[in-house]
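K.L.:
This is the structure I want to talk about, given as structure tokens.
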Amino acid sequence: MAIEEKGYAFFDHTADIGIRAQGATLAELFVKLAHGLTELLAEDTDLKPRQAKAIQLTAPAAASLLLAWLQELLFWFAAGHGARRYV
Amino acid sequence: MKERRWTGPLEKIDDYRWRIPQSYSPGMQVPGIIFSDEKLLRDIKEDQSLQQVANVAHLPGIVKASMAMPDIHWGYGFPIGGVAAMDAKEGVISPGGVGYDINCGVRLVKTDLTVEDVQPKLRTLIASLFNTIPCGVGMSGNIRISKQDADRVMTQGSRWVIGKGYGVAEDAAHTESQGCLEGSDPAQVSERAFKRASDQLGTLGSGNHFLEVQVVDTVFNEEAAGVLGLHEGQVTVMIHSGSRGFGYQICDDYLDVMERAMQRYGIRIPDRQLACAPITSEEGQRYLGAMRSAANYAWSNRQCLMHLARLTFERVFGKSWEQLGMRLVYDVAHNIAKFERHRVNGDERMVCVHRKGATRAFPPGHAETPEDYREIGQPVIIPGDMGRHSYVLVGTQQAMEESFGSCCHGAGRVMSRSEAVRRAAGRSIEQELERQGIIVMGRGRKGVAEEQPGAYKDVNDVVQVVHNAGLAERVARMRPLGVIKG
Numbered sequence: 002m003a004i005e006e007k008g009y010a011f012f013d014h015t016a017d018i019g020i021r022a023q024g025a026t027l028a029e030l031f032v033k034l035a036h037g038l039t040e041l042l043a044e045d046t047d048l049k050p051r052q053a054k055a056i057q058l059t060a061p062a063a064a065s066l067l068l069a070w071l072q073e074l075l076f077w078f079a080a081g082h083g084a085r086r087y088v
Numbered sequence: 002m003k004e005r006r007w008t009g010p011l012e013k014i015d016d017y018r019w020r021i022p023q024s025y026s027p028g029m030q031v032p033g034i035i036f037s038d039e040k041l042l043r044d045i046k047e048d049q050s051l052q053q054v055a056n057v058a059h060l061p062g063i064v065k066a067s068m069a070m071p072d073i074h075w076g077y078g079f080p081i082g083g084v085a086a087m088d089a090k091e092g093v094i095s096p097g098g099v100g101y102d103i104n105c106g107v108r109l110v111k112t113d114l115t116v117e118d119v120q121p122k123l124r125t126l127i128a129s130l131f132n133t134i135p136c137g138v139g140m141s142g143n144i145r146i147s148k149q150d151a152d153r154v155m156t157q158g159s160r161w162v163i164g165k166g167y168g169v170a171e172d173a174a175h176t177e178s179q180g181c182l183e184g185s186d187p188a189q190v191s192e193r194a195f196k197r198a199s200d201q202l203g204t205l206g207s208g209n210h211f212l213e214v215q216v217v218d219t220v221f222n223e224e225a226a227g228v229l230g231l232h233e234g235q236v237t238v239m240i241h242s243g244s245r246g247f248g249y250q251i252c253d254d255y256l257d258v259m260e261r262a263m264q265r266y267g268i269r270i271p272d273r274q275l276a277c278a279p280i281t282s283e284e285g286q287r288y289l290g291a292m293r294s295a296a297n298y299a300w301s302n303r304q305c306l307m308h309l310a311r312l313t314f315e316r317v318f319g320k321s322w323e324q325l326g327m328r329l330v331y332d333v334a335h336n337i338a339k340f341e342r343h344r345v346n347g348d349e350r351m352v353c354v355h356r357k358g359a360t361r362a363f364p365p366g367h368a369e370t371p372e373d374y375r376e377i378g379q380p381v382i383i384p385g386d387m388g389r390h391s392y393v394l395v396g397t398q399q400a401m402e403e404s405f406g407s408c409c410h411g412a413g414r415v416m417s418r419s420e421a422v423r424r425a426a427g428r429s430i431e432q433e434l435e436r437q438g439i440i441v442m443g444r445g446r447k448g449v450a451e452e453q454p455g456a457y458k459d460v461n462d463v464v465q466v467v468h469n470a471g472l473a474e475r476v477a478r479m480r481p482l483g484v485i486k487g
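These protein sequence lines map, in sequence, to chains A and B.
All the letters of the first sequence, read from the start, carry residue numbers 2 to 88 under the working numbering.
All the letters of the second sequence, read from the start, carry residue numbers 2 to 487 under the working numbering.
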């Protein structure tokens, strides 16, 4: 699926899978990547938001902040034992 | 991002050995050595794994060579199927060289049952195993542990869960490192990791993890098979799992620590995924303490999984597991870093061996091989894909001299997960396998599609390379009867 449609797309990797995303702003990019990650984890794109949760993260650079953001989502996904749409 | 094909130099040493010369990149401390034949090499060249072999050769303190086994494929920083030994004093430790699933590994359980005993009850057996053993990502199990008990699992490994009734002393004796690495340090484990440790003991996980009921279909070495108690027509159980979300969280936590450490110690490497710290540094020691905690958790997890399998067999066959002869043949780790003494350029040295998707293969007579197997060498358990075979081999002196006592760990993926799903479109992998007489039960169709046999190299080719190269010797081959997948 083209990246233009959802703002993210998957690419092949023998060990795992990759997500490429684009956004007009840094915030949008973070959101698109989070959507991509959620789709991978939940195997379902039609999830509805049920719960809001504030997350505060700091990092020395945008790339490390992005990593921390995705790691945070992964943790909450795994610790919550289920699929949620976060953003 | 396109996978980049290898275009660098590759020198043929013999039919099973290839070299990336140190001159390929000015920063390489040692050459790269790849154990493979020409056939497997064709696929290996198609992704970035050979570049990763060369990248690993840049790491400070690496000795002899950056090595790769025939099941090598593209991983996080280090290739999967990689072996790298670092000098214990001068070298670095890298979480990417151990992998996210710390102490992912395999155990093989034998039974006194024959294929004829099992065949009439096979569907019931596989369904019962599937209902008893929690599978899938983030899945919790019925074995809950308190924070205090989690500390004990991290420091005592298999021994502690066996003491709780999930097995017998012989199980620990037949586990690599007796199911416990010394030097674990739960104080270096984050709260998040602790949280994920509490309810995942005795759970299989997702991805390529499985529990398989198999039959021994070929014996290559009667003497060694006799010592291990294996014969043709015998039913075995193979369990492939690791440290679950706990090990994952530790790897994640420490990649961050290592990235900061690299700046602090001025370490320059060609790929940030190789983040590392000096073994003797505070960061290195903290990771080792946490990594060993996860390794001990993984051995405890496989011990609990075996216990659940034994209980299931008891229910289905109406006999105790002892009466069914369900004894552990051996358990190996294939994602781990360990301190071992090896000869390097004629001198014996203490090195930290990173095995990521590689199995220890110690020779006959080695003190770390269980006493009852010492005359034949350490058993090496190699799982294949769910449609083909799995193997038992034994370690050799050749492996000790050449590859830090290491060999391959499995078939190795050749197809990405998404490509596997695309190729499974309109097909039922379950039905295809059932036509071959193999019952598969998995949590989702996608998971089974990703793990279809065609997504992997043929394990027979991989094992043939390590056997012919002399890194391990074939003992027996098993074929699957039924599989449960995460």
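Ideal placement from N, C-alpha and C gives every residue a C-beta, glycine not left out.
Nothing here was measured: the structure is a model prediction, and the numbers come from that model.
Between the segment 18 to 34 of chain B and the segment 58 to 70 of chain B, do three or more beta carbon pairs fall short of 8 Å?
P.N.:
Contact holds: three or more Cβ-Cβ distances are below 8 Å.
K.L.:
Identify the continuous alpha helix (DSSP H) that holds B/Trp-300 and give its terminal residues.
P.N.:
That run of the alpha helix (DSSP H) goes 283 to 318.
K.L.:
So, does the CB of B/Arg-193 fall closer than 8 Å to a CB anywhere in chain A?
P.N.:
Yes, B/Arg-193 lies at the interface with chain A (some Cβ there is under 8 Å from its Cβ).
K.L.:
Here's the rule I'm using: 16 or more other beta-carbon atoms within 10 Å means buried, otherwise exposed. How should B/Asn-302 be labelled?
P.N.:
Answer is buried; the Cβ neighbour count reaches 16.
K.L.:
Suppose you measure from the CA of B/Glu-213 to the CA of B/Leu-482; what does that come to, to the nearest Å?
P.N.:
Their backbone Cα atoms lie some 7 Å apart in a straight line.
K.L.:
Rank B/Gln-324, B/Gln-250, B/Pro-135 and B/Lys-40 by C-alpha distance to the C-alpha of B/Pro-96 and give the top, closest one.
P.N.:
When each option's Cα is compared against that of B/Pro-96, the closest is B/Gln-250.
K.L.:
Just verifying my parser: in three-state terms, what is the DSSP assignment at B/Lys-3?
P.N.:
Its pLDDT being 46, under 50, B/Lys-3 is placed unreliably by the model, and nothing is read from it.
K.L.:
Of the choices B/Arg-418, B/Asn-143, B/Ala-291 and B/Val-441, whose alpha-carbon is the least far from that of A/Ile-18?
P.N.:
Among B/Arg-418, B/Asn-143, B/Ala-291 and B/Val-441, the Cα nearest to that of A/Ile-18 belongs to B/Arg-418.
K.L.:
Is there a C-beta anywhere in chain B that falls below 8 Å from the one on A/His-14?
P.N.:
For A/His-14, the answer is yes, since a Cβ of chain B falls inside 8 Å of its Cβ.
K.L.:
Between which two residues does the alpha helix (DSSP H) harbouring B/Glu-192 extend?
P.N.:
Start and end: 192 to 198.
K.L.:
So B/His-410 and B/Thr-370 are supposed to be a Cβ contact under 8 Å. How far apart are they, rounded?
P.N.:
Their Cβ separation, rounded to whole angstroms, is 18 Å, which puts B/His-410 and B/Thr-370 out of contact at 8 Å.
K.L.:
Under 8 Å Cβ to Cβ from A/Phe-12, same chain only, skipping five residues before and after it: list those, please.
P.N.:
Cβ neighbours of A/Phe-12 beyond the five flanking positions: Ile-18, Gly-19, Ile-20 and Arg-21.
K.L.:
Based on Cα-Cα distance, which residue from B/Arg-480, B/Glu-376, B/Arg-428 and B/Met-292 lies nearest to B/Glu-224?
P.N.:
Minimum Cα distance to B/Glu-224 is reached at B/Glu-376.
K.L.:
Taking B/Thr-370 as part of the alpha helix (DSSP H), name the residues at either end of that continuous run.
P.N.:
Taken as a continuous stretch (DSSP letters only), B/Thr-370 belongs to no alpha helix (DSSP H), as it is neither H nor E.
K.L.:
Assign B/Val-449 to buried or exposed, taking buried as 16 or more other Cβ atoms, counted over all protein chains shown, within 10 Å of its Cβ.
P.N.:
Buried, because 16 or more other Cβ atoms sit within 10 Å of the Cβ of B/Val-449.
K.L.:
Please list, in chain order, all residues of the same chain as B/Met-401 whose beta carbon is under 6 Å from its beta carbon, the five residues on each side excluded.
P.N.:
Only Pro-364 meet the Cβ criterion.
K.L.:
Which residues mark the beginning and the end of the alpha helix (DSSP H) in which A/Ala-43 is found?
P.N.:
Start and end: 27 to 43.
K.L.:
Using CA atoms only, rank isn't needed, just tell me which of B/Gly-227, B/Lys-65 and B/Gly-234 is closest to B/Asp-373.
P.N.:
Among B/Gly-227, B/Lys-65 and B/Gly-234, the Cα nearest to that of B/Asp-373 belongs to B/Gly-227.
K.L.:
Assign B/Tyr-266 to one of three DSSP states: helix, strand, or coil.
P.N.:
Of the three classes helix, strand and coil, the one that applies to B/Tyr-266 here is helix, per DSSP.
K.L.:
For B/Tyr-331, which beta-bridge partners are listed by DSSP?
P.N.:
B/Leu-109.
K.L.:
Count Cβ pairs between the segment 259 to 267 of chain B and the segment 119 to 127 of chain B that sit closer than 8 Å; are there 3 or more?
P.N.:
Contact fails: fewer than three Cβ-Cβ distances are below 8 Å.
K.L.:
The beta strand (DSSP E) spanning B/Ala-89 covers which residue range?
P.N.:
Where B/Ala-89 is concerned, there is no enclosing beta strand (DSSP E), given that its DSSP letter is neither H nor E.
K.L.:
Quick one: what does DSSP say B/Arg-389 is sitting in, helix, strand or coil?
P.N.:
Three-state result, B/Arg-389: coil.
K.L.:
Looking only at its chain, what residues have a beta carbon closer than 6 Å to the beta carbon of B/Val-75, apart from the 5 residues adjacent to it on each side?
P.N.:
The amino acid at residue 75 of chain B is misidentified as Val; the sequence shows Trp. Closer than 6 Å at Cβ, skipping near neighbours: Asp-48, Gln-49 and Ser-50.
K.L.:
List the residues of chain A whose Cβ lies closer than 7 Å to the Cβ of B/Gly-246, in chain order.
P.N.:
Within chain A, the residues near B/Gly-246 are Ala-79.
K.L.:
Would you grab the beta carbon distance between B/Tyr-266 and B/Ser-244 for me? Rounded to a whole angstrom, and I think it's under 8 Å.
P.N.:
That belief does not hold up - the Cβ atoms of B/Tyr-266 and B/Ser-244 are roughly 27 Å apart, past 8 Å.
K.L.:
Listed in chain order, which residues of the segment 60 to 73 of chain A have Cβ atoms closer than 7 Å to some Cβ of chain B?
P.N.:
Cβ contacts with chain B come from Gln-72.
K.L.:
I need the DSSP call for B/Gln-120, collapsed to helix, strand or coil.
P.N.:
Correct three-state label for B/Gln-120: helix.
K.L.:
Which of the three DSSP states is assigned to B/Met-155 in this structure?
P.N.:
The answer is helix: DSSP assigns B/Met-155 an H, G or I state.
K.L.:
If I follow the unbroken alpha helix (DSSP H) through B/Gln-398, where does it start and stop?
P.N.:
398 to 403 is the extent of the alpha helix (DSSP H) around B/Gln-398.
K.L.:
Going by DSSP, what residues sit across from B/Trp-19 in a beta bridge?
P.N.:
B/Trp-19 pairs with B/Lys-13 and B/Ile-35.
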